[in-house]
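Only one structure is covered here, and it is reproduced in the block below.
Residue numbers (the working numbering): 300 to 1203.
In structure tokens form, the structure reads like this:
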């Protein structure tokens, strides 16, 4: 136990002595020491002498003495610490009564007004159904700048703690960054190392840096956290109640740092020290202390890591025994922290020792409540992997689908787009594809598999689409009009909140988003609205697909398939037994390396260029044999049309690494007709959510006119890479397309472009494009002095924009980090409302871009049009197809002709 019996008895004796006679300062100091001891595991019996001391002191001083409120505040803390140990409603009630009485005695001018209001907010948040802590109260306490540095530090760290809880629940990195800033400010308030609160402030700064370093895999940030925690340990005397928590935090940070260091003696040494510290922390902590399960969980995972590093199986046995001890302690304590994590931790450790242990798999079937959605997503996927390895496909499917249900909440719209990208890249890299594959593996229908895939992929696209229109509320208005109106109000309020990463605006955004989730839950509880805001069902998708089949290519470790969606038919499944995810990943690596090398400057030498061109052809041949040819054969498309007729049209929707490959270019280079581009007119749709209803009229077209042309031959952002052909390309478009109007080069600003987009019926960009693989929302078109980003476009309403031609590099490239989010410039234009977008998969040369543009507009003008929506759609797709084939005829290398794609 961190507090010895002698220490506890000494505090009780001091409290009883001061109960008879003592100044408010002395009484408060002893009461605070008793509260610290209670938090560290001292016997519950210490509460009564503490409360009696405070009551006696209050009785001795005038009713209007400022100490009255402070002493009541300390009484509330005493009952709060007791409540954390007992979980008793009466203890929480007494803590609430005391802090409410304290706040009633303070006004804006009282020295403790803001601190006690913050404490009141924290206490009240513990009551059932109370919701999150109102951060505005904590912010007011910080902004008041208590003249006592210690109190000011407490206020800052109270706010930092709540921001960290927000981060842990939502992965709001902006909240974590703000918390780190507050902790550093608190640390800088008083640099006296003999200050008894100095180690506590070091702990906060250290653990927050370590958290960020761990979650972002940033070794320097993690190392800074370790160093701050090590410094804190040197300033805590042996036996101090603060020591166990500090040793646990330091050990956990060192364990995380060792995992980033790679195998080796230094890693083993650091991990050994980490285990030693965490063993000591657990040994010093009584199992009744709320932190005991947390300490046990951290130690268990570190022991497992050391076992793997050293090959010592006994350490894994100790890890399992430690996790089980933590579970028993959690079961016996109603207020234990992190209790919900120990069951899956135990299951994971047992699976490491006892492969395919049913108990280990069952551990991941634990139901996580709504406050642990991230854990539900991660645990569901991990449990599904264990179940699949054991051949328990039903459990694997069930756990994966549970993770799918939690995913929209884990990628909360309260977060910035970049924070959602970070979170999804951590928790959902293959979730959608695995869910689809496991539904099929367990005999589920293709329709259900397709809906599972669409529910969990393109999360950010789905959120943006929902923001563009309230049409989803039409069925809600019919069955639950009050909920429809509430949802409309919340969306209006959210749209008005300032897009700030920190501060009150961020707090309000989180509150409103939580309210949206609650209303969504209530809407889905209404009979007939169970699928509200879920991915569209197969019947809806079939109607949207119209006469053009849609082939979704799903790649997973569990199986690979093509799902074929056609109007008036059941969704078909074409198994792809020759396709293996590992091979897909490797071939994508080969292809992207080769195309990057072929397009870089200076150009590779003849021998290197020949090697890279061979790599490209080999990958496209593999893609034909493993994917394209089996699918086309299943569709009855076994040869190219004769007599030069235009082939039938087909939409592709790839997943995972396949999104980075040109499916329309798959083929055997030396076999006539053995190429997708010879047999079908290919279009792409990043997600089936982006399928337009072919039977519905276009919206907004009557208010639009002209074809906006945006040439950017020179940009201050890329001064050394002028686009000499951009001006000529723009001139050709202006001379070819009726109603085309160029934006003067000197006027190409973000503001002017966005204004032009809102009124044009078509747009052509001739500029640089840059794809950001790490943060796809930052991918952008390069304008004269500014950029037009994916994030910018996804906030636009471009309904009625019929055609957007992006003659720029890599505008349809999603990147390897988040391929299933299919977030790039081309998809962003589709999300914004553009019906057809022409983009590129990689960097194109000036000659190829010029030839494609000329051929595209020439073909578009020559193709017949009868005024119907289907004909208009087919006409754009056919023009891209003909232009691609024309470039191929002039430049046979796939590097030149294969990057151009039609999305729509």
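Every residue, glycine too, gets a C-beta built ideally from N, C-alpha and C. Because the structure is a prediction, the values reported are computed rather than measured.
Contact between the region 1049-1067 and the region 1016-1032 is present: 3 or more CB-CB pairs across the two stretches fall below 8 Å. Here residue 626 is buried, its C-beta having at least 16 other C-beta atoms within 10 Å. Annotation for residue 557: the continuous alpha helix (DSSP H) segment containing it runs 542-560.
The distance from the Cβ of residue 532 to that of residue 521 is about 17 Å, inconsistent with a contact at the 8 Å cut-off. For residue 957, same chain residues with a beta-carbon under 7 Å away, outside a window of 5 residues either side, are 852, 854, 883 in chain order. In the three-state scheme derived from DSSP, where H, G and I count as helix and E and B as strand, residue 911 is classed as helix.
Per the coordinates, the alpha-carbon of residue 947 lies some 12 Å from the alpha-carbon of residue 937.
Taking the CA atoms as reference points, residue 581 sits about 16 Å from residue 614. In this structure, the beta-carbon distance from residue 914 to residue 893 falls below 8 Å.
Look at residue 983 here: in three-state DSSP terms it is strand.
If you draw a 10 Å sphere on the C-beta of residue 565, you find fewer than 16 other C-beta atoms in it, and that means exposed. Rounded to the nearest whole angstrom, the CA to CA distance from residue 1192 to residue 880 is 27 Å.
Under the criterion of beta carbons closer than 8 Å, residue 369 and residue 424 do not qualify as touching, at roughly 21 Å. Apart from the 5 residues on each side of it in sequence, residue 702 sits with its Cβ closer than 7 Å to the Cβ of 675, 676, 679, 680, 730 in its chain, given in chain order.
Residue 1149 and residue 1141 have their C-alpha atoms spaced approximately 15 Å apart.
Residue 354 and residue 444 have their alpha carbons spaced roughly 29 Å apart. DSSP places residue 402 within a helical segment (H, G or I) once states are collapsed to three. Under the criterion of beta carbons closer than 8 Å, residue 1061 and residue 1006 qualify as touching, at roughly 4 Å.
Contact between residue 523 and residue 534 is absent: CB atoms are separated by about 17 Å, not below the 8 Å threshold. Each residue's CA atom was taken as its position, placing residue 331 and residue 436 some 23 Å apart. With contacts defined as CB atoms closer than 8 Å, residue 628 and residue 618 fail to qualify as a contacting pair. Residue 1106 is bridged by DSSP to 1065. Residue 925 is classed as buried because its beta carbon has at least 16 other beta carbons within 10 Å across all chains shown. Distance check between residue 1131 and each of 1012, 413, 991 places 991 closest, using alpha-carbon atoms only. Between residue 861 and residue 873, the C-beta spacing is below 8 Å.
Comparing alpha carbon positions, the residue from 1194, 1125, 1120 closest to residue 1146 is 1194. Around the Cβ of residue 959, a 10 Å sphere holds 16 or more other Cβ atoms; the residue is buried. For the 8 Å CB-CB criterion, residue 311 and residue 348 form a contact. When the alpha-carbon of residue 372 is set against those of 383, 399, 358, 833, the nearest one is in 399. In the DSSP assignment, residue 1007 falls within the beta strand (DSSP E) that extends over 1006-1010.
Judged by DSSP secondary structure, residue 1081 falls within the beta strand (DSSP E) whose first and last residues are 1079-1081.
Excluding sequence positions up to five before and after residue 973, its CB lies within less than 7 Å of the CB of 923, 966, 967, all in the same chain and listed in chain order. Nearest C-alpha to residue 1085 among 764, 1046, 798, 804: 1046.
Residue 446: not part of any alpha helix (DSSP H); DSSP gives it neither H nor E. By the Cβ rule, the region 495-508 counts as touching the region 476-486, because three or more pairs are nearer than 8 Å. Between residue 953 and residue 1098, the alpha-carbon positions lie close to 25 Å from each other.
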